[in-house]
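Visitor: Below you will find the structure I want to go over with you.
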Amino acid sequence: MKPVSLLLVATLLFFGTAQASETFKIDPSRSTIAFKVRHMLGTAKGKFSKFRGTIVVDRDHPDQSSVTVTIDAASIDTGIAKRDEHLGEELFNVAKYPEITFKSRRVKQTGANMGEITGDLTMRGVTRAIILKIQLEGSRWRVTTAPLKRSQFGLVFSKSAETVSMISDEVAVEIEIEATRAE
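Here the numbering used here = 1-based position in the sequence shown + 1037.
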């Protein structure tokens, strides 16, 4: 597969070409799904190292384009193996809920290099609607969303532990995506 810059994907998604639709696969080696959580001692940062996704671009009907992403919840990486194991087992319960998924419901262009994707995010068996804001920056998509509340997805420790360590309920999500054309 030949890498395709997201500039091309953005052009196809928002401005159209001769073909009606194309499918792209997210390239995890060139993409990042990361997060930050504030706590008493500062900010814990992490990312997921294993994920896959598909972008279907419908140029005739851009609002019918779609995005699906599946993240291996056990691939959490905060740089501290013991913490990663604890988060995977206790917080995400990866034995019962091994995947985090996102499935779009609506795609909308909001500017020349901007858009919104409304969809369903599922973590730990709980599904919530979220809006992803997309900004094309060079050849990469920068994806942002309002901070997610861990508690809305059942991602909580004991109340006393969270109170003592002052772990924020809000999680900032940072995503950058590149994709390759599916063959």
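In this text, a Cβ means the ideal position worked out from N, Cα and C, and glycines have one as well.
Starting from Asp1121, trace the alpha helix (DSSP H) in both directions and tell me its first and last residue.
Guide: Note, Asp1121: alpha helix (DSSP H), 1118–1123.
Visitor: Using the Cα positions of Pro1135 and Glu1127, report the straight-line distance between them to the nearest angstrom.
Guide: Looking at the two C-alpha atoms, the distance is approximately 12 Å.
Visitor: Return yes when the Cβ of Arg1120 is within less than 9 Å of the Cβ of Asp1183, no when it is not.
Guide: Looking at the sequence shown, residue 1183 is not Asp but Ala. No, they are not a contact pair.
Visitor: Measure the C-alpha to C-alpha separation of Ser1066 and Ala1118 and round it to an integer number of angstroms.
Guide: Rounded to the nearest angstrom, the two C-alpha atoms are 21 Å apart.
Visitor: Would Val1201 and Leu1185 qualify as a contact pair, given that the criterion is a beta-carbon distance under 9 Å?
Guide: Cβ distance not < 9 Å, so Val1201 and Leu1185 don't count as in contact.
Visitor: Grab the span of the beta strand (DSSP E) containing Ser1103 for me, first residue to last.
Guide: Ser1103 -> beta strand (DSSP E) spans 1103–1109.
Visitor: Are the beta-carbon atoms belonging to Ser1196 and Val1180 less than 9 Å from one another?
Guide: It is Lys, not Ser, that sits at residue 1196 in the sequence shown. No, they are not a contact pair.
Visitor: Look at Ala1111 and Lys1140 and say whether their C-beta atoms are less than 9 Å apart.
Guide: No, Cβ-Cβ distance for Ala1111 and Lys1140 is not below 9 Å.
Visitor: Going by the CB atoms, is the gap between Arg1142 and Gly1162 shorter than 9 Å?
Guide: Cβ distance not < 9 Å, so Gly1162 and Arg1142 don't count as in contact.
Visitor: Quick check: the Cα distance between Ser1068 and Phe1085, rounded to an integer number of angstroms?
Guide: Near 10 Å, if we compare the C-alpha coordinates of Phe1085 and Ser1068.
Visitor: List in chain order: all unbroken beta strand (DSSP E) runs of 3+ residues lying wholly within the region 1131–1181.
Guide: 1136–1148, 1151–1160, 1163–1174, 1177–1181, all fully within the region 1131–1181.
Visitor: Report back the beta-carbon spacing between Val1104 and Gly1090 to the nearest angstrom; my notes put them in contact at under 8 Å.
Guide: Contact flag correct, Cβ pair sits at about 7 Å.
Visitor: Quick check on the DSSP output: what are the complete beta strand (DSSP E) runs of length 3 or more inside the region 1062–1086, in order along the chain?
Guide: List check, beta strand (DSSP E) in window: 1069–1076, 1079–1085.
Visitor: Which value, in whole angstroms, describes the spacing of the CA atoms of Asn1150 and Trp1178?
Guide: Cα-Cα distance, rounded: 9 Å.
Visitor: Could you name the residues of the same chain whose beta carbon sits closer than 7 Å to that of Ser1058, not counting the 5 residues immediately before and after it, in chain order?
Guide: So the list reads Val1093, Val1094, Asp1095, Arg1096, once near-sequence residues are dropped.
Visitor: Return the residue from the list Gly1116, Gly1148, Ile1154, Asn1130 that minimises the CA-CA distance to Ala1166.
Guide: The option with the nearest alpha carbon to Ala1166 is Ile1154.
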